[in-house]
Amino acid sequence: MGMFPLKIAVKYFFRPEDAAGFTLLEIMISVSIIAIVFVSLFRMQSGTTDLALAGQFNSTAPFLARQVLVDVEQDLGNRSEFEGDFGENYPGYEWVCKIENASFEDLDFLDETSQGSLKKIVMSISGMKGQRMYKLTTWRFVLE
Numbered sequence: 037m038g039m040f041p042l043k044i045a046v047k048y049f050f051r052p053e054d055a056a057g058f059t060l061l062e063i064m065i066s067v068s069i070i071a072i073v074f075v076s077l078f079r080m081q082s083g084t085t086d087l088a089l090a091g092q093f094n095s096t097a098p099f100l101a102r103q104v105l106v107d108v109e110q111d112l113g114n115r116s117e118f119e120g121d122f123g124e125n126y127p128g129y130e131w132v133c134k135i136e137n138a139s140f141e142d143l144d145f146l147d148e149t150s151q152g153s154l155k156k157i158v159m160s161i162s163g164m165k166g167q168r169m170y171k172l173t174t175w176r177f178v179l180e
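Counting with my numbering, you get residues 37 to 180 for the letters of the sequence shown.
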């Protein structure tokens, strides 16, 4: 009688060699592999989202800079600094424009009066809460 309970315990606690199933170690390894794959996929998705946002900014900012430049060119002689935003149409986008006199002493085809009317325009467009910046530099003659 003393051996009978031991046979029952061995039968219930130790599985036979031909029994189907996974061990705890196999399950832990497979879960860790799945976790590594998911982390890689989430990083890739985050990078793709960042690239899409950068592409959107890089295509929108030059368009907006040209739009502002047309407005600024109307009043070049009177002010030296402008700034603003684009309202509800482009939320989060802001611009700053600085106008200064440009001189090119080495250019012999410009006389002194023409050099005085040459303006350097530096336009900066910032977007996406200041994370991105686009800068445009151009020169214009001011007709007085």
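Ideal placement from N, C-alpha and C gives every residue a C-beta, glycine not left out.
So, at 6 Å on beta carbons, what are the nonlocal neighbours of residue i in its own chain, with the 5 sequence-adjacent residues on each side left out?
{"i": "E117", "result": "K134"}
Under three-state DSSP, which class holds residue i?
{"i": "T174", "result": "strand"}
{"i": "D86", "result": "helix"}
{"i": "G91", "result": "helix"}
{"i": "E124", "result": "coil"}
{"i": "R168", "result": "strand"}
{"i": "F118", "result": "strand"}
State the start and end residues of the unbroken beta strand (DSSP E) segment that holds residue i.
{"i": "K156", "result": "154-163"}
With a threshold of 7 Å on Cβ separation, who are the neighbours of residue i within its own chain once the five nearest residues in sequence on each side are excluded?
{"i": "D86", "result": "none"}
Flag this pair as touching only if the segment 123-138 and the segment 150-165 have three or more C-beta atom pairs under 8 Å; answer yes or no. yes
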